[in-house]
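Engineer: Have a look at the structure that comes next, please.
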(Lines of atoms letter the chains of each structure in order from A and count residues from 1; the text may use other names and numbers.)
(Lines give C-alpha, C1' and ligand atoms only; values in the text may rest on other atoms or scores of the structure.)
Protein backbone atom coordinates (compact mmCIF):
# COMPACT_ATOMS: atom_id res chain seq x y z
CA UNK A 1 0.00 0.00 0.00
CA UNK A 2 2.88 2.37 0.78
CA UNK A 3 4.40 1.91 -2.67
CA UNK A 4 1.46 3.19 -4.79
CA UNK A 5 0.87 6.13 -2.45
CA UNK A 6 4.52 7.03 -2.84
CA UNK A 7 4.20 6.98 -6.61
CA UNK A 8 1.10 9.20 -6.57
CA UNK A 9 2.68 11.59 -4.06
CA UNK A 10 5.93 11.72 -5.97
CA UNK A 11 4.03 12.45 -9.21
CA UNK A 12 2.17 15.32 -7.55
CA UNK A 13 5.42 16.64 -6.14
CA UNK A 14 6.94 16.55 -9.65
CA UNK A 15 4.01 18.58 -11.09
CA UNK A 16 4.44 21.18 -8.39
CA UNK A 17 8.14 21.36 -9.16
CA UNK A 18 7.43 22.00 -12.83
CA UNK A 19 5.01 24.92 -12.24
CA UNK A 20 7.66 27.51 -11.21
CA UNK A 21 9.62 26.66 -14.35
CA UNK A 22 6.51 27.25 -16.47
CA UNK A 23 5.89 30.58 -14.75
CA UNK A 24 9.50 31.61 -15.32
CA UNK A 25 9.22 30.68 -19.00
CA UNK A 26 6.00 32.69 -19.35
CA UNK A 27 7.61 35.67 -17.64
CA UNK A 28 10.63 35.45 -19.91
CA UNK A 29 8.36 35.25 -22.96
CA UNK A 30 6.39 38.27 -21.75
CA UNK A 31 9.64 40.15 -21.19
CA UNK A 32 10.84 39.37 -24.69
CA UNK A 33 7.48 40.47 -26.11
CA UNK A 34 7.58 43.73 -24.17
CA UNK A 35 11.13 44.40 -25.38
CA UNK A 36 10.11 43.66 -28.94
CA UNK A 37 7.10 45.96 -28.59
CA UNK A 38 9.25 48.79 -27.25
CA UNK A 39 11.63 48.32 -30.16
CA UNK A 40 8.84 48.45 -32.72
CA UNK A 41 7.41 51.57 -31.06
CA UNK A 42 10.82 53.23 -31.33
CA UNK A 43 10.97 52.45 -35.03
CA UNK A 44 7.40 53.68 -35.56
CA UNK A 45 8.15 56.92 -33.70
CA UNK A 46 11.27 57.48 -35.80
CA UNK A 47 9.32 57.00 -39.03
CA UNK A 48 6.41 59.20 -37.95
CA UNK A 49 8.79 61.84 -36.61
CA UNK A 50 10.65 61.96 -39.92
CA UNK A 51 7.43 62.37 -41.89
CA UNK A 52 6.24 65.14 -39.56
CA UNK A 53 9.58 66.95 -39.82
CA UNK A 54 9.46 66.83 -43.63
CA UNK A 55 5.85 68.05 -43.59
CA UNK A 56 6.75 70.92 -41.26
CA UNK A 57 9.68 71.94 -43.47
CA UNK A 58 7.46 71.84 -46.54
CA UNK A 59 4.82 74.04 -44.90
CA UNK A 60 7.42 76.62 -43.90
CA UNK A 61 8.89 76.73 -47.41
CA UNK A 62 5.43 77.01 -48.97
CA UNK A 63 4.52 79.90 -46.67
CA UNK A 64 7.81 81.67 -47.45
CA UNK A 65 7.32 81.14 -51.19
CA UNK A 66 3.78 82.55 -51.05
CA UNK A 67 4.93 85.59 -49.06
CA UNK A 68 7.69 86.43 -51.54
CA UNK A 69 5.32 85.93 -54.48
CA UNK A 70 2.89 88.46 -52.99
CA UNK A 71 5.74 90.93 -52.39
CA UNK A 72 6.93 90.61 -55.98
CA UNK A 73 3.44 91.11 -57.42
CA UNK A 74 2.71 94.05 -55.12
CA UNK A 75 6.01 95.74 -56.00
CA UNK A 76 5.40 95.39 -59.73
CA UNK A 77 1.95 96.96 -59.32
CA UNK A 78 3.25 99.89 -57.26
CA UNK A 79 6.07 100.66 -59.69
CA UNK A 80 3.82 100.37 -62.74
CA UNK A 81 1.29 102.77 -61.24
CA UNK A 82 4.06 105.20 -60.32
CA UNK A 83 5.37 105.31 -63.89
CA UNK A 84 1.86 105.45 -65.33
CA UNK A 85 1.18 108.57 -63.28
CA UNK A 86 3.07 110.49 -65.98
CA UNK A 87 0.07 111.63 -67.99
CA UNK A 88 -0.05 111.29 -71.77
CA UNK A 89 -0.09 115.07 -72.12
CA UNK A 90 3.22 115.38 -70.31
CA UNK A 91 6.56 115.40 -71.98
CA UNK A 92 7.74 111.88 -72.86
CA UNK A 93 10.76 112.54 -70.70
CA UNK A 94 8.59 112.13 -67.58
CA UNK A 95 8.05 108.45 -68.34
CA UNK A 96 11.65 107.87 -69.36
CA UNK A 97 13.11 109.72 -66.38
CA UNK A 98 10.84 107.92 -63.92
CA UNK A 99 11.85 104.56 -65.37
CA UNK A 100 15.53 105.44 -65.17
CA UNK A 101 15.15 106.56 -61.57
CA UNK A 102 13.38 103.36 -60.53
CA UNK A 103 15.98 101.20 -62.30
CA UNK A 104 18.81 103.08 -60.59
CA UNK A 105 17.13 102.77 -57.18
CA UNK A 106 15.76 99.25 -57.48
CA UNK A 107 17.98 98.12 -54.60
CA UNK A 108 16.07 100.53 -52.36
CA UNK A 109 12.71 99.61 -53.85
CA UNK A 110 13.10 95.97 -52.80
CA UNK A 111 16.01 96.05 -50.39
CA UNK A 112 14.89 92.84 -48.70
CA UNK A 113 15.44 90.84 -51.89
CA UNK A 114 18.30 92.76 -53.49
CA UNK A 115 20.77 89.93 -52.84
CA UNK A 116 18.36 87.33 -54.25
CA UNK A 117 19.10 88.05 -57.90
CA UNK A 118 16.57 90.88 -58.13
CA UNK A 119 15.81 91.94 -61.71
CA UNK A 120 13.41 94.76 -62.59
CA UNK A 121 12.31 95.19 -66.19
CA UNK A 122 9.92 97.84 -67.43
CA UNK A 123 8.64 99.25 -70.68
CA UNK A 124 6.20 101.69 -72.14
CA UNK A 125 4.25 99.89 -74.85
CA UNK A 126 1.71 100.77 -77.52
CA UNK A 127 -0.89 98.53 -79.11
CA UNK A 128 -1.87 98.80 -82.75
CA UNK A 129 -3.83 96.21 -84.70
CA UNK A 130 -3.27 93.62 -81.99
CA UNK A 131 0.48 94.15 -82.11
CA UNK A 132 2.60 95.51 -79.28
CA UNK A 133 5.52 97.87 -79.72
CA UNK A 134 8.04 98.83 -77.03
CA UNK A 135 8.49 102.61 -76.88
CA UNK A 136 10.77 103.07 -73.87
CA UNK A 137 12.31 101.20 -70.97
CA UNK A 138 14.96 98.57 -70.39
CA UNK A 139 13.00 95.79 -72.12
CA UNK A 140 13.44 95.33 -75.86
CA UNK A 141 10.61 92.79 -76.08
CA UNK A 142 7.97 91.18 -73.89
CA UNK A 143 8.00 87.55 -72.86
CA UNK A 144 5.07 85.60 -74.39
CA UNK A 145 3.12 85.32 -71.13
CA UNK A 146 3.62 89.02 -70.34
CA UNK A 147 2.65 90.04 -73.89
CA UNK A 148 -0.49 87.89 -73.80
CA UNK A 149 -1.53 89.47 -70.51
CA UNK A 150 -0.95 92.98 -71.88
CA UNK A 151 -2.89 92.32 -75.08
CA UNK A 152 -5.83 91.05 -73.04
CA UNK A 153 -6.04 94.42 -71.25
CA UNK A 154 -5.31 96.82 -74.11
CA UNK A 155 -7.48 98.09 -76.95
CA UNK A 156 -6.30 99.50 -80.26
CA UNK A 157 -4.07 102.58 -79.84
CA UNK A 158 -3.76 102.11 -76.08
CA UNK A 159 -0.51 102.91 -74.31
CA UNK A 160 0.54 101.10 -71.18
CA UNK A 161 3.32 100.58 -68.69
CA UNK A 162 4.57 97.05 -68.06
CA UNK A 163 6.75 96.20 -65.07
CA UNK A 164 8.24 92.76 -64.47
CA UNK A 165 9.93 91.90 -61.17
CA UNK A 166 11.93 88.71 -60.84
CA UNK A 167 13.97 87.16 -58.03
CA UNK A 168 15.57 83.79 -57.33
CA UNK A 169 14.03 82.04 -54.35
CA UNK A 170 16.24 79.63 -52.41
CA UNK A 171 14.30 77.25 -50.16
CA UNK A 172 14.96 77.51 -46.44
CA UNK A 173 15.19 73.71 -46.28
CA UNK A 174 17.16 73.21 -49.47
CA UNK A 175 17.71 69.46 -49.09
CA UNK A 176 14.01 68.79 -48.53
CA UNK A 177 13.11 70.88 -51.57
CA UNK A 178 15.76 69.07 -53.60
CA UNK A 179 14.21 65.70 -52.75
CA UNK A 180 10.62 66.62 -53.58
CA UNK A 181 11.02 69.15 -56.42
CA UNK A 182 14.43 68.29 -57.85
CA UNK A 183 15.72 71.81 -57.17
CA UNK A 184 16.64 73.89 -54.14
CA UNK A 185 15.74 77.17 -55.86
CA UNK A 186 13.21 78.61 -58.28
CA UNK A 187 12.46 81.83 -60.13
CA UNK A 188 9.57 83.96 -58.89
CA UNK A 189 8.17 86.43 -61.42
CA UNK A 190 5.42 88.97 -61.11
CA UNK A 191 4.26 91.57 -63.60
CA UNK A 192 1.70 94.32 -63.91
CA UNK A 193 0.29 96.13 -66.94
CA UNK A 194 -1.29 99.56 -66.42
CA UNK A 195 -3.00 101.34 -69.32
CA UNK A 196 -2.21 105.03 -68.93
CA UNK A 197 -3.53 106.58 -72.15
CA UNK A 198 -5.43 105.78 -75.31
CA UNK A 199 -6.42 107.29 -78.63
CA UNK A 200 -2.98 107.68 -80.15
CA UNK A 201 0.16 105.61 -79.99
CA UNK A 202 3.08 106.86 -77.95
CA UNK A 203 5.47 105.53 -80.57
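In the UniProt record's numbering, the protein residues as written are 1 to 203.
C-beta: ideal position from N, C-alpha, C; glycine also.
1) Note down, one range per segment and in chain order, each beta strand (DSSP E) of at least 3 residues found wholly within the segment 74-143.
2) Pick helix, strand or coil for residue 53, following the three-state DSSP scheme.
3) Name, in chain order, the residues that DSSP records as bridge partners for residue 160.
4) Would residue 86 be called buried (16 or more neighbouring beta carbons within 10 Å of its own) or exposed?
5) What's the call for residue 48, buried or exposed, on a 16-neighbour Cβ count within 10 Å?
6) Judging by CA-CA distance, which residue of 121, 159 and 100 is the nearest neighbour of residue 142?
7) Spatial neighbours of residue 71 within its chain, please: C-beta separation below 8 Å, excluding the five flanking residues on both sides.
8) In or out: residue 162 buried (at least 16 other Cβ within 10 Å) or exposed?
9) If you compare alpha carbons, which of 115, 184, 57 and 165 is closest to residue 190?
10) If we ignore side chains and look at the alpha-carbon of each, how far apart do residue 79 and residue 186 end up?
11) Which residue wins for smallest C-alpha separation from residue 174, given the options 118, 52, 58 and 73?
12) Let me know if residue 132 comes out buried or exposed under the rule of 16 or more other beta-carbons within 10 Å of its beta-carbon.
Structural biologist: With the structure as the only source:
1) The segment 74-143 contains these whole beta strand (DSSP E) runs: 119-128 and 131-137.
2) The answer is helix: DSSP assigns residue 53 an H, G or I state.
3) Beta-bridge pairing by DSSP links residue 160 to 125 and 195.
4) With 16 or more other Cβ atoms within 10 Å, it is buried.
5) Around the beta carbon of residue 48, fewer than 16 other beta carbons lie within 10 angstroms, which makes this residue exposed.
6) Residue 121 is the option with its Cα nearest to residue 142.
7) Result list for residue 71: 110, 112 and 113, in chain order.
8) So residue 162 counts as buried.
9) The shortest C-alpha to C-alpha distance from residue 190 to any of 115, 184, 57 and 165 is the one to 165.
10) Residue 79 and residue 186 have their C-alpha atoms some 23 Å from each other.
11) The shortest C-alpha separation from residue 174 is found at 58.
12) Answer is buried; the Cβ neighbour count reaches 16.
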